[in-house]
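Peer 1: Can you keep this structure in mind? I'll have questions shortly.
There are 2 protein chains.
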Amino acid sequence: MTKLRACIIAVGSEMLTPFRVDTNSLVVTERLNAIGYDVRLKMVVGDDVEELAQAFASALTWADLIVVMGGLGPTDDDVTRAAIAQVLEVPLDLHEHVVDRIRSRFARRGMTMPEINRRQAMAPRGATLIDNPNGTAPGLWIERGSTAIVLLPGPPRELTPMLDTIIRDRLEGPSGGSRLFRRVLRITGRAESDVDTDAQPVYGRWVSAPIPITTTILAVMGQIELHLTATAQNRADADAALDLAAEELGKVLGAAVYSADGRNLEAVVGDLLRGKHFTIATAESCTGGLLTSRLTDVPGSSAYVERSFVCYSNRSKVELLGITEALLTEHGAVSEPVAHAMAVGARTRAATDVGIGITGIAGPDGGTPDKPVGTVAIAVDVRGESRVRTFRFIGGREQVKFQASQAALNTLRLMLEDNDQRGTR
Amino acid sequence: MTKLRACIIAVGSEMLTPFRVDTNSLVVTERLNAIGYDVRLKMVVGDDVEELAQAFASALTWADLIVVMGGLGPTDDDVTRAAIAQVLEVPLDLHEHVVDRIRSRFARRGMTMPEINRRQAMAPRGATLIDNPNGTAPGLWIERGSTAIVLLPGPPRELTPMLDTIIRDRLEGPSGGSRLFRRVLRITGRAESDVDTDAQPVYGRWVSAPIPITTTILAVMGQIELHLTATAQNRADADAALDLAAEELGKVLGAAVYSADGRNLEAVVGDLLRGKHFTIATAESCTGGLLTSRLTDVPGSSAYVERSFVCYSNRSKVELLGITEALLTEHGAVSEPVAHAMAVGARTRAATDVGIGITGIAGPDGGTPDKPVGTVAIAVDVRGESRVRTFRFIGGREQVKFQASQAALNTLRLMLEDNDQRGTR
Chain A
547 MTKLRACIIA VGSEMLTPFR VDTNSLVVTE RLNAIGYDVR LKMVVGDDVE ELAQAFASAL
607 TWADLIVVMG GLGPTDDDVT RAAIAQVLEV PLDLHEHVVD RIRSRFARRG MTMPEINRRQ
667 AMAPRGATLI DNPNGTAPGL WIERGSTAIV LLPGPPRELT PMLDTIIRDR LEGPSGGSRL
727 FRRVLRITGR AESDVDTDAQ PVYGRWVSAP IPITTTILAV MGQIELHLTA TAQNRADADA
787 ALDLAAEELG KVLGAAVYSA DGRNLEAVVG DLLRGKHFTI ATAESCTGGL LTSRLTDVPG
847 SSAYVERSFV CYSNRSKVEL LGITEALLTE HGAVSEPVAH AMAVGARTRA ATDVGIGITG
907 IAGPDGGTPD KPVGTVAIAV DVRGESRVRT FRFIGGREQV KFQASQAALN TLRLMLEDND
967 QRGTR
Chain B
547 MTKLRACIIA VGSEMLTPFR VDTNSLVVTE RLNAIGYDVR LKMVVGDDVE ELAQAFASAL
607 TWADLIVVMG GLGPTDDDVT RAAIAQVLEV PLDLHEHVVD RIRSRFARRG MTMPEINRRQ
667 AMAPRGATLI DNPNGTAPGL WIERGSTAIV LLPGPPRELT PMLDTIIRDR LEGPSGGSRL
727 FRRVLRITGR AESDVDTDAQ PVYGRWVSAP IPITTTILAV MGQIELHLTA TAQNRADADA
787 ALDLAAEELG KVLGAAVYSA DGRNLEAVVG DLLRGKHFTI ATAESCTGGL LTSRLTDVPG
847 SSAYVERSFV CYSNRSKVEL LGITEALLTE HGAVSEPVAH AMAVGARTRA ATDVGIGITG
907 IAGPDGGTPD KPVGTVAIAV DVRGESRVRT FRFIGGREQV KFQASQAALN TLRLMLEDND
967 QRGTR
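Taken in order, these protein sequences are the chains called A and B. Positions in the first sequence are counted from 1; adding 546 to them yields my numbering. Positions in the second sequence are counted from 1; adding 546 to them yields my numbering.
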């Protein structure tokens, strides 16, 4: 089975500034994936005939489908029609019935069509004009050899409905039914290279399976994602293959995989807490409330989040959590005994099932040779059973905060999942 | 003046899915513009040697500078080094001293370097390896004819500092003429259309000034940014023009402009607190710790952040802040009297100068006809002087939380600035 290869070209100089990215390509990609096209290249070019012509010509050498977005307006800046005609070596023809349609669109709004809008009724010879119910610029459909070329207006509310029409009338089906289906496995607590060492022998085999699955590994801060893409005739086949793939990866990666269904870590932890009717209170020092903010990003989290003590000063640790001055002096505020006392203090004072204590050095100042910036002690206490560990995170202040909140959530997840397994034995 | 032409290539199959766009190119564009390069083309390619090689080869025919981002990791997916070597027709050499550096980076975290990380020490022959203080992948600098080639790791916190080093050491200066200088005015508490109505007559005049300034207005959640771009021969001329421009805009926009020097709102508030030797305690309900997390994102914030009470449950409001059941029953938890009692309770119990209380309905559930989702009561108390107001924010749960934290910070900023002005009268 051959995959059809698509190229998306976004036209507009504003997308070559530091202020704006192309986002239209996301919806185009989603629609094309659903009918079996694989997007292999995206380009952003400015409003320049020669540069667009060059980009388009290079795509024409390999793509089965080229989608060009934008540059179909009426002004001098709008060069898409001219660039495509130049590459295809055909003249631009004026379509009078389209001029009439644009003119009546203006008339319906009580306006006279400016003469420059006639340009929008020009099309490379051989093109089919696609009606635009939401704007003046018609779309264009062109076939050249085995390549299909689609020209769409840039505004999303014009682009999306027109694309759907073109897919329905002209594109759906030609791939013989194959489509792309995706699944994301999320992993935390392990290094990217470790994960890949374990996972590669597994996912490497799937590339040539009857339902082939390609895998991309993506490391983001405090987290690794494995993106699995299956090519299949229908969702049932794809889901069966992806279920099996996720299961096999789960076997080699173990508990490090925290989600295969799109949920983020705070949602997974929330579901575990809710399932057990547990409540949670946290005592945060270096994370400054970030952990609780993440927990409360989940809709319905008020069912289990009771309170949080953000104890930035030593005084607040003493006053709110009952940490003794002696403990702080003996071990230092950043230490496992203090983290543990914070977790227990939060849990008992809030009368919850779970307590978490986090104390560390987020930087850039405050590090010592013994406890460099990035040192964070984390304690999780579930009904009197505790896990305490010291981490060394790398990165700036915000990275240390995020990784600490991630490690705390993951520790709690592992404790609650262990608890589940014991419960079912 | 000739403009130097740059091409940016982002490598990563995940950016060819419907789920992720390249945003790294925005910061790269900003930095390149500042030293006189014009970005003419952006490409996104997948983790595929042949496809990356083809994209790179086509850029090599016209670009003065090619920046390739990503694909420098240790796994099979990371194909940038191999693709560039293939196009340049040079072998990949292993740099043992880089292996040592990567190995010791792992060792500092108490980990053993996996063997696959040796790949990150490979480089096309003739390349200069650029040290990466924030990750394992070194960057690469290659010259081929008149084209400079820069290979950067994908993670923003690795990419940005490395790019700045390369610009400083290798790129700055070559454009020999006009450069682009930018300034960002940050505004909160007003609508985009309002801001533009006031600002447009002012910035409209600058386009044809001796040192021309173009202005872009960019609305992001809870905030509006005016990006001013001056074209000038040197920084002194640009700064003089931009100072004048910022001052004129300040006159029409007034106190809504909270920063013209790049600081974000939490840093501006932090500087005001530090300048007065004030301390702050907060009582957060619907924001769930987000306000305090933002305050503590600022380095050195332990000088003024004392503690925060994240009181998600009513019980915690009563126990920690001394809110009476009667007050909660009479007005409801989401009300100005409760927000005010929270602010005063936080301030007096923590013995700080400033207290903030936030209580609201972040959604998606919990709204009523009287108090729909997005209703948030915010109180700020500075040494006994209070401002209390109810806001109606639009958006999902995280948007409501962010906007509430933004409004609380802005209210405090305005109170502290007023306080300054009275002090100097």
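The beta carbon of each residue, even a glycine, is placed where N, CA and C say it ideally should be.
#1: Spatial neighbours of ASP899/A within its chain, please: CB distance less than 6 Å, with the 5 preceding and 5 following residues excluded, ordered by chain position.
#2: Whole angstroms are fine: how far does the CA of ASP593/B sit from the CA of SER559/B?
#3: Near THR970/A, which residues of its chain fall below 8 Å by C-beta distance, leaving aside the five closest residues on each side in sequence?
#4: Assuming the contact rule is C-beta atoms closer than 8 Å, LEU606/A and ARG690/A should be a hit. Round their C-beta distance to whole Å, please.
#5: Along chain A, in chain order, which residues have C-beta atoms closer than 9 Å to that of ARG732/B?
#6: Under 8 Å, do GLU882/B and SER859/A count as touching if we go by C-beta distance?
#7: By how many angstroms is the C-alpha of GLN952/A removed from the C-alpha of THR682/A?
#8: Roughly how many angstroms separate the alpha carbons of MET767/A and LEU598/B, rounded to a whole number?
#9: Quick one: list the residues of chain B neighbouring HIS773/A, beta-carbon separation under 8 Å, in chain order.
#10: How big is the Cα-Cα spacing for THR760/B and THR777/B?
#11: Looking only at its chain, what residues have a beta carbon closer than 8 Å to the beta carbon of TYR804/B, apart from the 5 residues adjacent to it on each side?
#12: Is there a Cβ from chain A that is less than 8 Å from the Cβ of LYS822/B?
#13: Thinking C-beta only, is PHE855/A closer than 8 Å to ALA892/A?
#14: My assumption, with CB atoms under 8 Å, is that ARG551/A sits in contact with ARG586/A. Please give the rounded CB distance.
#15: Just checking: is the beta-carbon of ALA896/B within a distance shorter than 8 Å of some beta-carbon in chain A?
#16: Pick out the complete beta strand (DSSP E) segments inside the stretch 849-887 of chain B, 3 residues or longer, and give them in chain order.
#17: By the criterion of Cβ-Cβ separation under 7 Å, what are the contact partners of CYS553/B in chain A?
#18: Could you check whether the Cβ of PRO720/B sits closer than 8 Å to any Cβ belonging to chain A?
#19: Short check: CB of THR838/A to CB of GLY834/B, under 8 Å?
#20: Answer with buried or exposed for VAL753/A, where buried requires no fewer than 16 other C-beta atoms within 10 angstroms of its C-beta.
#21: How big is the Cα-Cα spacing for ALA801/A and GLY901/A?
#22: Would you report the Cα separation of LEU799/B and GLY903/B, rounded to the nearest angstrom?
#23: Below 8 Å on C-beta distance, what does LEU958/A contact in chain B?
#24: Between which two residues does the beta strand (DSSP E) carrying ARG729/A extend?
#25: May I ask you to report which of helix, strand or coil DSSP gives GLN746/A?
#26: Are the beta-carbon atoms belonging to ALA784/A and ILE763/A less than 8 Å from one another?
#27: Taking Cβ positions only, does LYS588/A come closer than 8 Å to chain B?
#28: For chain A, find out if any of its Cβ atoms is closer than 8 Å to the Cβ of LEU572/B; answer yes or no.
#29: THR828/B lies in the beta strand (DSSP E); which residues open and close that run?
#30: Could you check if GLY750/B is buried or exposed, using at least 16 other CB atoms within 10 Å of its CB as the buried criterion?
#31: Could you confirm whether any beta carbon from chain A is found closer than 8 Å to the beta carbon of LEU550/B?
#32: Indicate whether at least one CB of chain E lies closer than 8 Å to the CB of GLN952/A.
#33: Given this structure, state the Cα-to-Cα distance separating ALA653/B from VAL748/A, to the nearest angstrom.
#34: Hey, out of ARG729/B, ILE770/B and ARG728/B, whose CA is closest to ASP742/B's CA?
#35: Determine the chain A residues that contact SER848/B at a beta-carbon separation under 7 Å, and present them in chain order.
#36: Relative to chain B, which residues along the stretch 821-840 of chain A have a C-beta separation below 9 Å, given in chain order?
Peer 2: Based on what the coordinates show:
#1: Excluding sequence neighbours, ASP899/A sits near PHE824, THR825 and ARG929.
#2: 5 Å
#3: For THR970/A, the predicted model reports a pLDDT of 47, less than 50, meaning its position is unreliable; a value from the coordinates is still stated below. So no residue of the chain qualifies.
#4: 7 Å
#5: The premise fails here: ARG732/B is roughly 14 Å from chain A at the closest Cβ pair, so nothing lies under 9 Å.
#6: Contact: no.
#7: 50 Å
#8: 25 Å
#9: SER559, GLU560 and THR563
#10: 9 Å
#11: ARG732, ILE733, THR734, LEU811, VAL814, ASN956 and ARG959
#12: It does not: the Cβ of LYS822/B has no partner Cβ on chain A nearer than 8 Å.
#13: The beta carbons of ALA892/A and PHE855/A sit closer together than 8 Å.
#14: 5 Å
#15: yes
#16: 851-857
#17: Within 7 Å Cβ-Cβ: nothing; CYS553/B doesn't reach chain A, min ~10 Å.
#18: Caution applies to PRO720/B, whose pLDDT of 49 falls short of 50 and renders its modelled position unreliable; the value that the coordinates give is listed next. Output row for PRO720/B: interface = no.
#19: With respect to GLY834/B, THR838/A sits close: the two C-beta atoms are nearer than 8 Å.
#20: exposed
#21: 22 Å
#22: 28 Å
#23: Going along chain B, no residue has its Cβ under 8 Å from LEU958/A, so there is no contact; the nearest lies around 16 Å.
#24: 725-733
#25: helix
#26: no
#27: Flagged as an interface residue toward chain B: LYS588/A, by a C-beta distance shorter than 8 Å.
#28: yes
#29: 826-830
#30: Exposed.
#31: no
#32: In the structure shown, chain E does not exist; the protein chains are A and B.
#33: 28 Å
#34: ILE770/B
#35: Correct list: TYR858.
#36: THR825, ALA827, THR828, GLU830, CYS832, THR833, GLY834, GLY835, LEU836, LEU837, THR838, SER839 and ARG840
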